[in-house]
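With our numbering applied, the sequence shown closes on residue 455, and no number is skipped along the way.
The C-beta atom is built at its ideal place from N, Cα and C for all residues, glycine as well.
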Amino acid sequence: MSDQAAPIIATPDSGANAVDDARFMALAFTLGRRGLGNTWPNPAVGSVIVKDGVIVGRGWTQPGGRPHAEVEALRHAKKAANGATMYVTLEPCAHQGKTPPCADAIVRAGIARVVSALEDPNPEVAGKGHARLREKGIAVEVGLGADEARRAHAGHIMRVTKGRPYVTLKLAVSADGKAGLAARQPVAITGNAAWTRVHQMRAASDAIMVGIGTVLSDNPQLTCRLPGMFGRSPVRVILDAGLKLPLMTSVVATVRETPTWVFTSVRPSAIAEEILQQKGCKVFRVGDADGELDLAEVLKVLAEQGVTRLMVEGGPTLAGNLAGADLIDELALLRGEKIIGADGIAPLEGMPLDGFTGQLHARGSEKLGADTLELYERSA
Numbered sequence: 076m077s078d079q080a081a082p083i084i085a086t087p088d089s090g091a092n093a094v095d096d097a098r099f100m101a102l103a104f105t106l107g108r109r110g111l112g113n114t115w116p117n118p119a120v121g122s123v124i125v126k127d128g129v130i131v132g133r134g135w136t137q138p139g140g141r142p143h144a145e146v147e148a149l150r151h152a153k154k155a156a157n158g159a160t161m162y163v164t165l166e167p168c169a170h171q172g173k174t175p176p177c178a179d180a181i182v183r184a185g186i187a188r189v190v191s192a193l194e195d196p197n198p199e200v201a202g203k204g205h206a207r208l209r210e211k212g213i214a215v216e217v218g219l220g221a222d223e224a225r226r227a228h229a230g231h232i233m234r235v236t237k238g239r240p241y242v243t244l245k246l247a248v249s250a251d252g253k254a255g256l257a258a259r260q261p262v263a264i265t266g267n268a269a270w271t272r273v274h275q276m277r278a279a280s281d282a283i284m285v286g287i288g289t290v291l292s293d294n295p296q297l298t299c300r301l302p303g304m305f306g307r308s309p310v311r312v313i314l315d316a317g318l319k320l321p322l323m324t325s326v327v328a329t330v331r332e333t334p335t336w337v338f339t340s341v342r343p344s345a346i347a348e349e350i351l352q353q354k355g356c357k358v359f360r361v362g363d364a365d366g367e368l369d370l371a372e373v374l375k376v377l378a379e380q381g382v383t384r385l386m387v388e389g390g391p392t393l394a395g396n397l398a399g400a401d402l403i404d405e406l407a408l409l410r411g412e413k414i415i416g417a418d419g420i421a422p423l424e425g426m427p428l429d430g431f432t433g434q435l436h437a438r439g440s441e442k443l444g445a446d447t448l449e450l451y452e453r454s455a
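What follows is the structure, encoded as structure tokens:
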């Protein structure tokens, strides 16, 4: 059916009020979070359809980005969508991509009112979805939950407006402000509750990035090891300017289970690259200066590959370089009770931690057993 086909005759849902609108939009955000880390390059959207105060359909963006949340909600609502209100955390698309426009599906279903949290900054949408709905006589209200929508879709917004992923840096520091033992040896700083929270963060990320120093010293798995969640492990990104990544490390040995992407400079031999590719790794070459990869170019390539949300866990050097380049959007700072001592290493190379957090906006904190998670974000 074309988008010019007459919609089902609809009458507005008479049971809506401001309190209900807020409640149903909050549910849409909750549903949308189910897709975080699993829908890229598309945003993780949530949608709820309500008629006469009763939820008749709900959906969220499915793995790989399709079907979209609105289509899923309409599929569940079926004929009950006629005359109902749809709540959606981001503007419905109006362009033909790999799937037909959601706006046309909403019109055909007879939805009478759409409450949308935010206009999509993607140039292919950018108000066109809302306009299409209004042209077809659907009441459209935009802005309810806009602040939460900007946070929920921060990765999508960053990718389409700045050409890079939204970057979250995770740091764990001891009670005396250290991130590891002398000689850059790793040490357990936080407990089980914090471990669980970090793995939840991994599951909500498209990719996780560390430097080669972290791989060589710690041989991390960089997967989500919560029960039943291994399939939600992010793509593993290793920065390795000299292409020194050993083949027996976990990130290479398990590449068939969880993808590993290696970023290197133009200097290493083609043979070293070919060996890693034969093992199953993807290798990207970017510019470098004095042995340090161009981080802005790394992020640009990741965005081109579809990555919207990048979690960084790797080492004081990488953390310090990202902070110095103003490429960190969010900081998840875990504070433990352990004392490491004066010979321990600082969490940010070349920058005091307090100086960095002072550049950010404190968003809140939560207790994780004996540890504390402090959240900071880029100031507006």
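query: In terms of residues, what are the limits of the alpha helix (DSSP H) holding MET426?
result: Within the sequence shown, residue 426 is the residue found at index 351, counting from 1. It is not in any alpha helix (DSSP H) - MET426 carries neither H nor E in the DSSP assignment.
Proximal residues to PRO511 (C-beta, below 8 Å), its chain only, five neighbours per side dropped: An answer regarding residue 511 cannot be provided, because it is not within the stretch 76 to 455 covered by the chain.
query: Hey, would you say MET100 sits closer than 8 Å to VAL190, going by beta carbons?
result: In the sequence shown, counting from the first residue as 1, residue 100 sits at position 25. In the sequence shown, counting from the first residue as 1, residue 190 sits at position 115. Between MET100 and VAL190, the C-beta gap is smaller than 8 Å, which places the two residues in contact.
- prompt: At which residue ranges does the stretch 304-379 contain complete beta strand (DSSP E) runs of 3 or more residues, listed in the order of the chain?
  reply: 310-314, 335-339 and 357-360
task: Kindly indicate which three-state DSSP category GLU449 falls into: helix, strand or coil?
output: The sequence position of residue 449 within the sequence shown is 374, counting from 1. Three-state DSSP puts GLU449 in a strand.
task: Would you give the residue range spanned by the beta strand (DSSP E) that VAL189 belongs to?
output: As a working note, residue 189 is residue 114 in the sequence shown. For VAL189, the enclosing beta strand (DSSP E) stretches over residues 188-191.
task: Kindly give me the distance between the Cβ atoms of LEU320 and ILE313, rounded to whole angstroms, as I take these residues to be in contact under 8 Å.
output: Locating residue 320 in the sequence shown gives position 245, counting from the first residue. Locating residue 313 in the sequence shown gives position 238, counting from the first residue. Correct: roughly 6 Å between the Cβ atoms.
- prompt: Is the beta carbon of ARG384 less than 8 Å from the beta carbon of ASP293?
  reply: Position 309 of the sequence shown, counted from the first residue, corresponds to residue 384. Position 218 of the sequence shown, counted from the first residue, corresponds to residue 293. It is not a contact, given that the beta carbons lie outside the stated cut-off.
field: Close Cβ partners of LYS214 (< 6 Å) along its chain, the five nearest in sequence each way excluded
entry: Taking the sequence shown and counting its residues from 1, one reaches residue 214 at position 139. Sequence inspection shows Ala at residue 214; the Lys mentioned does not correspond to that position. Cβ neighbours of ALA214 beyond the five flanking positions: ARG188.
- prompt: Is it right to say HIS231 is buried, meaning 16 or more other beta carbons lie within 10 angstroms of its own, or is it exposed?
  reply: For the purposes of this step, residue 231 is taken as the residue at position 156 of the sequence shown. By the neighbour-count rule (16 or more Cβ atoms within 10 Å), HIS231 is buried.
field: Touching by the beta-carbon criterion (3+ pairs, under 8 Å), the stretch 335-348 and the stretch 394-408
entry: Cβ pair count under 8 Å is below three, so no.
message: Helix, strand or coil for LEU385? Go by DSSP, reduced to three states.
response: On the sequence shown, position 310 is the one that residue 385 refers to. Here LEU385 sits in strand by DSSP.
- prompt: What residues in its chain sit with their C-beta under 7 Å from that of ASP96, if we drop five residues either side in the sequence?
  reply: The residue labelled residue 96 in the question sits at position 21 within the sequence shown. Taken in chain order, the residues that qualify are VAL190 and LEU219.
ALA156 and ILE186 closer than 8 Å at C-beta: Position 81 of the sequence shown, counted from the start, is the residue given in the question as residue 156. Position 111 of the sequence shown, counted from the start, is the residue given in the question as residue 186. It is a contact, given that the beta carbons lie within the stated cut-off.
- prompt: In the DSSP assignment, what are the bridge partners of LYS126?
  reply: In the sequence shown, residue 126 corresponds to position 51, counting from 1. DSSP lists VAL129 as partners of LYS126.
- request: Could you round the C-beta distance between ILE422 and VAL248 to whole angstroms and report it? I think they count as a contact, below 8 Å.
  value: Along the sequence shown, one-based indexing puts residue 422 at 347. Along the sequence shown, one-based indexing puts residue 248 at 173. Inspection of the sequence shows that residue 422 is occupied by Pro rather than by Ile. With 8 Å as the limit, PRO422 and VAL248 qualify as a contact, their Cβ atoms being about 5 Å apart.
message: Please state the DSSP three-state secondary structure of HIS436.
response: Taking the first residue of the sequence shown as position 1, residue 436 is located at position 361. Correct three-state label for HIS436: strand.
message: Within a Cβ cutoff of 7 Å, which residues of the same chain sit near ARG272, ignoring the five residues on either side of it in sequence?
response: Residue 272 sits at position 197 when you count from the first residue of the sequence shown. The residues are LEU443 and LEU448.
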